[in-house]
Amino acid sequence: MKDKIVVGIDAGSSAIKLTLYDGETIENCLSPSSWNPKEQAASLLETALAGRGLTKAVYIVGTGYGRLNLPFVTKAMTEITCHARGAGYLLPEARTVIDIGGQDAKAIRVDACGKVQDFVMNDKCAAGTGRFLQVMANALGLDVADIGSIEVDADCQVCTINSMCTVFAESEVIGLVNRGVSREAIIAALYISIANRVAAMAAAIQPLPPVAFTGGVAQNLALRRQLETRLGLPVITSAQAIFAGSIGAALYAWDAVK
Ligand code: ADP
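According to my numbering, numbering within the sequence shown proceeds without interruption in unit steps and concludes at 904.
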């Protein structure tokens with residue numbers, strides 16, 4: 647077992663993601679965000695290191711919106727930088743990264759070395775984010791993780807969700823439910839709404855193929871297909887896509903000590 651371990655921590659709005667890296671092996675773990683992310687991240691770190699028989703990491707890079715609230719990190723880095731690096735590690739062929747997390751969505755164009763060339767971010771409004779999907783899933787009596795297992799045919803559009811505002815869109819969903827529109831049709835309309843929103847945002851950076859889809863929402867394969875249609879570009883993902891930020895942070899931490 648190697649004892650030189652570096653850590654990347656992505657303190658997100660929905661979950662704290664942590665990556666341990668020893669120069670060879672990546673190990674990821676996650677804990678849903680609580681009311682005290684600082685303590686939660688410290689505890690996740692302690693548990694992860696204890697699993698390797700360690701009490702300290704040689705270097706820790708923090709990223710994510712809560713990165714400045716982590717006193718134990720060696721260095722804080724922006725989400726754009728870390729997500730681009732992590733996505734490049736997971737999906738090296740990607741020339742664009744689209745990350746949809748809990749409360750923001752970002753599109754990043756990267757060069758062949760994974761270096762950021764341009765980016766655009768929506769962190770002002772919940773539309774087109776995981777939070778939007780979560781609120782709508784709840785309005786349909788579902789958990790956000792279960793919505794992806796419902797088969798939908800988004801190419802056969804029965805209804806639309808027109809509101810960009812999450813609160814109004816939730817009312818629209820409730821209205822559709824009460825008109826007897828099927829859950830499958832409403833979910834399809836939600837995917838189209840999110841994919842349209844994100845594709846319109848990504849157009850600002852002239853995305854190149856293939857597009858790596860990262861962040862928690864990338865676990866939804868139907869949404870990935872819809873994004874592919876709206877972008878007109880192939881969209882690829884990885885089972886580890888939610889960890890792109892923490893993996894990128896860990897790789898930067900390794901650069902600092904190797
Ligand atoms: P953050 O970095 O802001 O914490 P993440 O990248 O961790 O965001 O993504 C969190 C979001 O992922 C949640 O808001 C949730 O809506 C979404 N999510 C979590 N699990 C799933 C899933 N199985 N399918 C689709 N979306 C999911």
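C-beta atoms are modelled at their ideal positions from N, C-alpha and C, and glycine is treated no differently. Since the model is a prediction, treat every value here as computed from it, not as a measurement.
| Going by DSSP, what residues sit across from residue 654 in a beta bridge? | Answer by DSSP bridge pairing, in chain order: 665, 707.
| Would DSSP call residue 755 helix, strand or coil? | Here residue 755 sits in strand by DSSP.
| query | Which value, in whole angstroms, describes the spacing of the CA atoms of residue 793 and residue 833? | reply | Residue 833 has its alpha-carbon roughly 8 Å from the corresponding atom of residue 793.
| said: For residue 673, list the residues DSSP reports as bridge partners. | reply: Checking the DSSP bridge columns, you'll see residue 673 partnered with 666.
| Among residues of its own chain, excluding the 5 on either side of residue 873, which ones have a beta-carbon nearer than 6 Å to its beta-carbon? | Taken in chain order, the residues that qualify are 841, 881.
| Cα-Cα separation, residue 692 to residue 770 | Roughly 33 Å between the two C-alpha positions.
| message | Here's the rule I'm using: 16 or more other beta-carbon atoms within 10 Å means buried, otherwise exposed. How should residue 730 be labelled? | response | Buried, since its Cβ has 16 or more Cβ neighbours within 10 Å.
| task | Pick helix, strand or coil for residue 764, following the three-state DSSP scheme. | result | Here residue 764 sits in strand by DSSP.
| field | Nearest-angstrom Cβ-Cβ length linking residue 804 and residue 827, presumed shorter than 8 Å | value | 7 Å between Cβ atoms; contact.
| task | Let me know the secondary structure DSSP gives residue 722 once reduced to three states. | result | Residue state, collapsed to three classes: strand.
| query | The alpha helix (DSSP H) with residue 901 in it runs from where to where? | reply | Per DSSP, residue 901 belongs to the alpha helix (DSSP H) from 890-903.
| query | If we count the other Cβ atoms within 10 Å of its Cβ and call it buried at 16 or more, is residue 752 buried or exposed? | reply | Counting of Cβ neighbours within 10 angstroms places residue 752 among the buried residues, the total reaching 16 or more.
| field | Start-end ranges of the alpha helix (DSSP H) lying completely within the region 818-889, minimum 4 residues | value | Fully enclosed alpha helix (DSSP H) runs of 4 or longer: 829-848, 867-877.
| Contact check, residue 746 vs residue 708, beta carbons under 8 Å | Not a contact, by the Cβ cut-off of 8 Å.
| query | Using CA coordinates, which residue listed in 766, 812, 864 is at the minimum distance from residue 726? | reply | In terms of Cα proximity to residue 726, the closest of 766, 812, 864 is 766.
| query | What do you reckon, are the CB atoms on residue 892 and residue 736 nearer than 8 Å? | reply | Result no, Cβ atoms of residue 892 and residue 736 do not sit closer than 8 Å.
| Between the beta-carbon of residue 781 and the beta-carbon of residue 816, is there less than 8 Å? | Their beta carbons are under 8 Å apart, which means residue 781 touches residue 816 by this criterion.
| residue 744 to residue 845 span [Cα, whole Å] | Spanning the two alpha carbons is a distance of roughly 9 Å.
| query | How is residue 743 classed by DSSP in three states: helix, strand or coil? | reply | In the structure shown, residue 743 sits in a strand (DSSP, three-state: E or B).
| task | Identify which residue in 754, 859, 698, 721 has its Cα closest to the Cα of residue 635. | result | The requested residue 635 does not occur in the structure, where the chain is confined to residues 647 to 904.
| request: Can you grab the Cα-Cα spacing for the pair residue 711 / residue 789, in whole Å? | output: Whole-angstrom Cα-Cα distance: 24 Å.
| task | Return the CA-CA distance between residue 795 and residue 777, expressed in angstroms with no decimal places. | result | Just so you know, the alpha carbons of residue 795 and residue 777 end up roughly 18 Å apart.
| said: Can you tell me where the alpha helix (DSSP H) holding residue 775 begins and where it ends? | reply: Counting along the chain, residue 775 sits inside no alpha helix (DSSP H), nor does DSSP assign it H or E at all.
| request: Could you tell me if the beta carbon of residue 679 falls within a distance shorter than 7 Å of some heavy atom in ligand 1? | output: Under cutoff, so the answer is yes.
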